[in-house]
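J.: This is the structure I have questions about; it appears just below.
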Amino acid sequence: MKRFLKFPTPYTVLMIVIVIAAGLTFLLSSGKYDTLSYDSVQNVFVINSKGETQTLPATQQTLTEKNISISIEKFKEGKIKKPVSIPNTYEQDEAKPQGFLEILYAPIKGIYDTIDIILFVLVLGGFIGIFNSSGTLNEGVGYLAYRLKGREGILIILVFTLIALGGTFFGLAEETLAFYPMLIPVFLAAGYDLMVPLAVIYLGSCVGTMASTVNPFSVIIASDAVGVDWTTGLVTRLVMLVLSTAISLVYIIRYAEKVKRNPQTSVAYGASLPESLHNEKAVPVEQLKLSSKLLLVVFGLSFLVMILGVSQWGWWFEEMTALFLVASVIIAILQRTGEEQSIAHFLTGAKDLLGVAFIIGIARGVTFILNDGQISDTILYYSSNLVSGMSPALFLPVLMFIFVILTLFIASSSGMAVVTMPIMGGLASVVGVEGQSVVNAYLFGMGLMSFITPTGLILPSLAMVNLNYKQWLRFVSPLMLILVVLAIGVLLVEYYL
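Using this note's numbering, the letters of the sequence shown map in sequence onto residues 307 to 803.
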């Protein structure tokens, strides 16, 4: 019976969403908004109305006349690349219901349409696969454990920060499961309980992904789907990363020191060490090898160059894919593992992200159903009626909580971005909220829910430390409430500044 009650995989969830979207094309009337896009060559706005186009001067006055609350600079700087729906221009059209064949073709069309993103994800997976095969990340953690023996408070700060950086740069998540056998003995020897290594490792990953600065699997895909440059809003995410990291560290360290003074105050008091770790010991690493140092430098520089490329040199998926392909070759050379083994590691890494790639393509299929059935604008129209007059001060927190709820059903950050961003982005423009705020609301909402969602990594992580879900909720709930308030505050400050 349990087999049938198991929550379906993201692929099944997305196919169900496609079927539901197709069903809506039979229930909702078709309709479209007029759209406005910017022609940078001619420096004009192009208005598309019922298949006919006209050009208007690219001025702030034109945007004001069209009731579009977006600065002209956003278009001229290339931060808004997709057509923007013009408020108050919605008109019903002839019904275009999507049937069985359209449902069948939708994920295939989605994969074709996102092939640039998919190829980037696969190459990035290969890059991470080659890097992880070196064991450099584990070696670095072992080195920290050795150097900071007896100063585990500093170890908490460093490990949490490093994992958070991994989360914010490339979505470090499942990979952290390998850290538990290494760090549990270290923290237990320092007088802490089993909750401390769980909090340091799991919360570090959650905080990093929640405040994703350059994470390709969330912020880049979401920004592309909403039609803004992913570097827009980067400062806001950096602020969120720093503040949430600081708050989480204070929370964890206070708890750890309290448990060290009085073990009976532990929420995990009496919990036994997992059977698999009874004979496990932290592996001390007295000195990082030169090759490991070089690998860490190349790894970090790859993401730095990606940021510079997109923000300063006009790069997009083609250039970013080439960057990580070259970086993979450099890392393979530094490892000296040979051509055959390097290719095997690259393909293994790409294979690990093949599921993510398919999720991106299938999720885009939802957009095809909505657009071909001409109901995405209808949904936007009725939704805009609900939020018309709603102030951004209310809209942004509501939007964030919508993403919190949706995370229960669509656990994939990439899938969530591709499915929701086109509609949410259009909805935001109705109330005068820019695309980067929508992206940040999505990141913060999904990130906060990842702390506790059963469809995420918390259950496997709890199994690693032999704790239960109730103990975790007791520990993390106060911190979550603090971070919810912080997230809302950051979103509002971003808008008003």
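For each residue, glycine too, the CB sits at the ideal point set by N, CA and C.
(1) Just to confirm, does Ser634 get its C-beta within under 8 Å of one of the non-hydrogen atoms of the ligand NAP?
(2) Which one or two residues does DSSP pair with Phe351 in a beta bridge?
(3) Quick check: Ala470 and Ser440, are their CB atoms within less than 9 Å of each other?
(4) Among Glu379, Ser355 and Thr537, whose alpha-carbon lies nearest the alpha-carbon of Thr395?
(5) Nearest CA to the CA of Leu780: which residue from Ala552, Thr538, Ala327 and Met501?
(6) On the criterion of 16 or more Cβ atoms from any shown chain inside 10 Å, does Met730 qualify as buried, or is it exposed?
(7) Quick check on Val573: does DSSP put it in helix, strand or coil?
(8) Who are the near neighbours of Gly432 in its chain, counting only those whose CB is closer than 6 Å to its CB and skipping five residues on each side?
(9) Quick check: Ala259 and Phe674, are their CB atoms within less than 9 Å of each other?
(10) By Cβ distance, which residues of its chain are closer than 8 Å to Ile758, with the 5 residues on each side in sequence left out?
(11) Is Gly753 helix, strand or coil when you go by DSSP?
(12) On a Cα-Cα basis, can you pick out the residue from Ser554, Ala574, Ala552 and Gln641 that is closest to Lys595?
(13) So Tyr339 and Ile374 are in contact, right, with Cβ under 8 Å, and what is the actual spacing, rounded?
(14) Look at Gly337 and Asp683 and say whether their C-beta atoms are less than 9 Å apart.
(15) Sort out for me which residues DSSP pairs Lys338 with in a bridge.
(16) Quick one: what does DSSP say Val635 is sitting in, helix, strand or coil?
(17) If you count every other CB in all the chains shown that lies within 10 Å of the CB of Trp536, and 16 or more means buried, which is it?
(18) DSSP beta-bridge partners for Ser391?
(19) From this set, Ile794, Val534, Gly477 and Leu461, which residue's C-alpha is nearest Pro389's C-alpha?
(20) What three-state label does DSSP hand Ser597 in the structure shown?
(21) Express the C-alpha separation of Leu629 and Ile794 in angstroms, rounding to a whole number.
(22) Does the contact criterion of 3 or more C-beta pairs under 8 Å hold for the stretch 456-474 versus the stretch 512-523?
(23) Ordered along the chain, which non-local residues of its own chain (more than five positions away) have a Cβ less than 7 Å from that of Val771?
(24) Exposed or buried, Lys380, counting other C-beta atoms within 10 Å across all chains shown (16 or more means buried)?
(25) So, using beta-carbon positions, are Val492 and Glu445 closer together than 9 Å?
(26) Over the uninterrupted alpha helix (DSSP H) stretch that includes Trp778, give me the two end residues.
(27) Within 10 angstroms of the Cβ of Lys372, are there 16 or more other Cβ atoms? Answer buried if so, exposed if not.
(28) Would DSSP call Gly565 helix, strand or coil?
(29) Of the residues Gln398, Glu383 and Lys564, which one's Cα is nearest the Cα of Thr331?
(30) Just to confirm my understanding: we take Trp622, look at its own chain, exclude 5 residues before and 5 after, and list those with CB closer than 6 Å. What are they?
(31) Please list the terminal residues of the continuous alpha helix (DSSP H) segment that includes Glu645.
(32) Val736 to Phe701, Cα distance in whole Å?
(33) Tell me the rounded alpha-carbon separation between Ile639 and Gly679.
(34) Quick one: Cα of Ile294 to Cα of Met755, how far?
(35) On the criterion of 16 or more Cβ atoms from any shown chain inside 10 Å, does Asp530 qualify as buried, or is it exposed?
T.: Here's the rundown:
(1) Judged by which ligands are present, the structure shown has none, so any question about the ligand NAP falls away.
(2) In the sequence shown, counting from the first residue as 1, residue 351 sits at position 45. Note: Phe351 sits in a beta bridge opposite Tyr344 and Leu362.
(3) Counting from 1 along the sequence shown, the entry for residue 470 is found at position 164. Counting from 1 along the sequence shown, the entry for residue 440 is found at position 134. It is not a contact, given that the beta carbons lie outside the stated cut-off.
(4) Taking the first residue of the sequence shown as position 1, residue 395 is located at position 89. Among Glu379, Ser355 and Thr537, the Cα nearest to that of Thr395 belongs to Ser355.
(5) On the sequence shown, position 474 is the one that residue 780 refers to. According to the sequence shown, residue 780 is Arg rather than Leu. When only C-alpha atoms are compared, the closest one is Met501.
(6) Within the sequence shown, numbered from 1, the residue matching residue 730 stands at position 424. Buried: at least 16 other Cβ atoms inside 10 Å.
(7) Position 267 of the sequence shown, counted from the start, is the residue given in the question as residue 573. Looking at Val573 - three-state DSSP - the assignment turns out to be coil, as it is neither helix nor strand.
(8) In the sequence shown, counting from the first residue as 1, residue 432 sits at position 126. Same-chain partners within the cutoff: Ser634, Phe652, Gly655 and Ala656.
(9) Nothing can be reported for residue 259, as the shown portion of the chain is limited to 307 through 803.
(10) By one-based count along the sequence shown, residue 758 stands at place 452. Same-chain partners within the cutoff: Ile764, Trp778, Leu779, Val782 and Met786.
(11) Locating residue 753 in the sequence shown gives position 447, where the first residue counts as 1. Reduced to three states, the DSSP call for Gly753 is helix.
(12) For the purposes of this step, residue 595 is taken as residue 289 along the sequence shown, with counting starting at 1. When the alpha-carbon of Lys595 is set against those of Ser554, Ala574, Ala552 and Gln641, the nearest one is in Gln641.
(13) Position 33 of the sequence shown holds residue 339. Position 68 of the sequence shown holds residue 374. At roughly 11 Å, the Cβ-Cβ gap does not stay under 8 Å, so Tyr339 and Ile374 are not in contact.
(14) Here the question's residue 337 lines up with position 31 in the sequence shown. Here the question's residue 683 lines up with position 377 in the sequence shown. In this structure, Asp683 lies closer than 9 Å to Gly337 by Cβ.
(15) Mapped onto the sequence shown, residue 338 falls at position 32. Lys338 pairs with Glu397.
(16) Here residue 635 refers to the residue found at position 329 when the sequence shown is read from its first residue. Note: Val635 maps to helix in three-state DSSP.
(17) Walking along the sequence shown from the start, residue 536 turns up at place 230. Buried.
(18) Residue 391 sits at position 85 when you count from the first residue of the sequence shown. According to DSSP, Ser391 bridges with Thr341.
(19) Walking along the sequence shown from the start, residue 389 turns up at place 83. Of Ile794, Val534, Gly477 and Leu461, the residue nearest in Cα terms is Val534.
(20) What you label residue 597 is simply residue 291 of the sequence shown in a count that begins at 1. Helix at Ser597.
(21) In the sequence shown, residue 794 corresponds to position 488, counting from 1. In the sequence shown, residue 629 corresponds to position 323, counting from 1. Whole-angstrom Cα-Cα distance: 35 Å.
(22) yes
(23) If you number the sequence shown from 1, residue 771 lands on position 465. Contacts found: Tyr486, Ile490, Leu500, Pro503, Leu504 and Pro580.
(24) Taking the first residue of the sequence shown as 1, we reach residue 380 at position 74. Lys380 is buried by the Cβ-count criterion.
(25) One-based indexing of the sequence shown puts residue 492 at position 186. One-based indexing of the sequence shown puts residue 445 at position 139. Going by C-beta atoms, Val492 is not nearer than 9 Å to Glu445.
(26) Along the sequence shown, read from residue 1 onward, the residue named residue 778 stands at position 472. Where Trp778 is concerned, the enclosing alpha helix (DSSP H) stretches over Tyr775 to Tyr802.
(27) Counting from one through the sequence shown, the residue named residue 372 turns up at place 66. Buried, by the Cβ-count rule.
(28) Your numbering for residue 565 matches position 259 in the sequence shown. For clarity, residue 565 is Val in the given sequence; the question names Gly instead. In this structure, Val565 counts as helix in the three-state DSSP scheme.
(29) Along the sequence shown, one-based indexing puts residue 331 at 25. In this structure, Gln398 is the residue among Gln398, Glu383 and Lys564 with its C-alpha nearest to the C-alpha of Thr331.
(30) As a working mapping, residue 622 is identified with position 316 in the sequence shown. None.
(31) Walking along the sequence shown from the start, residue 645 turns up at place 339. First-last of the alpha helix (DSSP H) with Glu645: Glu645 to Asp658.
(32) Your numbering for residue 736 matches position 430 in the sequence shown. Your numbering for residue 701 matches position 395 in the sequence shown. Computed Cα separation, rounded: 11 Å.
(33) Here residue 639 corresponds to residue number 333 of the sequence shown, with the count starting at 1. Here residue 679 corresponds to residue number 373 of the sequence shown, with the count starting at 1. Each residue's Cα considered, the two are about 51 Å apart.
(34) The requested residue 294 does not occur in the structure, where the chain is confined to residues 307 to 803.
(35) Position 224 of the sequence shown, counted from the first residue, corresponds to residue 530. Per the 10 Å Cβ criterion, buried.
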